[in-house]
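Trainee: Residue 137 is where the sequence shown ends in UniProt numbering, and the numbering goes up by one at each step.
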Amino acid sequence: MNTYEITLKDNAYKYNNVAVTFNLDSVTDEKDDKIFNFKVTSTFDNQSVSTDLALFESDMQQLQQFELKMGMTDINFLEPDLYLSVIHLEGDEIILYVHYDSGMLYSNTGTDSGIAVKLNVTQHAFQSFINELTGIV
């Protein structure tokens, strides 16, 4: 399988090194569903956090149908390893939080707690990221 890597960088990436990368490891065909297995890594300053994430075809369809609204919207997946919070500000600015579940990272138990990495991005950059991520379906 060819390497498939999608990265969304913070507006100030040059200064803060904040980004999130979805690296496709494999695709599994189950009965009525495909499972896309990613290694998701967020960088910030000189640190990083990563987790394995299985996105089901229904998760990808949810992302394809995502409509940006003013205020905050959470994007949850079937697997609890991570979720996204999208805050659409006025104009073209978006704040994206990538929440990593520390229970899943350290003891394979969902806890709704853990590290969150904040990215300031444009609406165009976020939509391009979603389109590229869901383009593999």
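Note that the Cβ used here is the ideal one computed from N, Cα and C, for glycine as well.
Values in this document were obtained by computation on a predicted structure and should not be read as measured data.
Would aspartate 52 be called buried (16 or more neighbouring beta carbons within 10 Å of its own) or exposed?
Mentor: Exposed, since its Cβ has fewer than 16 Cβ neighbours within 10 Å.
Trainee: Just how far apart, CA to CA, sit isoleucine 87 and aspartate 29?
Mentor: Answer to the nearest angstrom: the Cα atoms are 34 Å apart.
Trainee: Count the other CB atoms within 10 Å of the CB of serine 42; is the residue buried (16 or more) or exposed (fewer)?
Mentor: With 16 or more Cβ atoms within 10 Å of its Cβ, serine 42 is classed as buried.
Trainee: Out of Gln61, Ser85, Thr21, Tyr100, point me to the one whose CA is closest to phenylalanine 38's CA.
Mentor: It is Thr21 whose Cα lies nearest to the Cα of phenylalanine 38.
Trainee: Beta carbon of valine 137, beta carbon of methionine 72: below 7 Å?
Mentor: No, they are not a contact pair.
Trainee: Determine which residues share a DSSP beta bridge with aspartate 74 and list them.
Mentor: Paired residues: Ser85.
Trainee: For the candidate residues Asp45, His99, Asn131, Lys31, whose alpha-carbon lies nearest to that of isoleucine 75?
Mentor: Nearest of Asp45, His99, Asn131, Lys31 to isoleucine 75, Cα basis: His99.
Trainee: Of the choices Asp45, Gln64, Leu96, whose alpha-carbon is the least far from that of lysine 14?
Mentor: For lysine 14, the nearest C-alpha among the options comes from Asp45.
Trainee: Using alpha carbons as the reference points, say which of Leu78, Tyr83, Ser58 lies closest to serine 50.
Mentor: Comparing Cα-Cα distances from serine 50 to each of Leu78, Tyr83, Ser58, the minimum goes to Tyr83.
Trainee: Excluding the five sequence neighbours on either side, which residues of its own chain have a C-beta within less than 7 Å of the C-beta of residue 138, listed in chain order?
Mentor: This structure does not reach residue 138, given that the chain is present from 1 up to 137, and the question cannot be answered.
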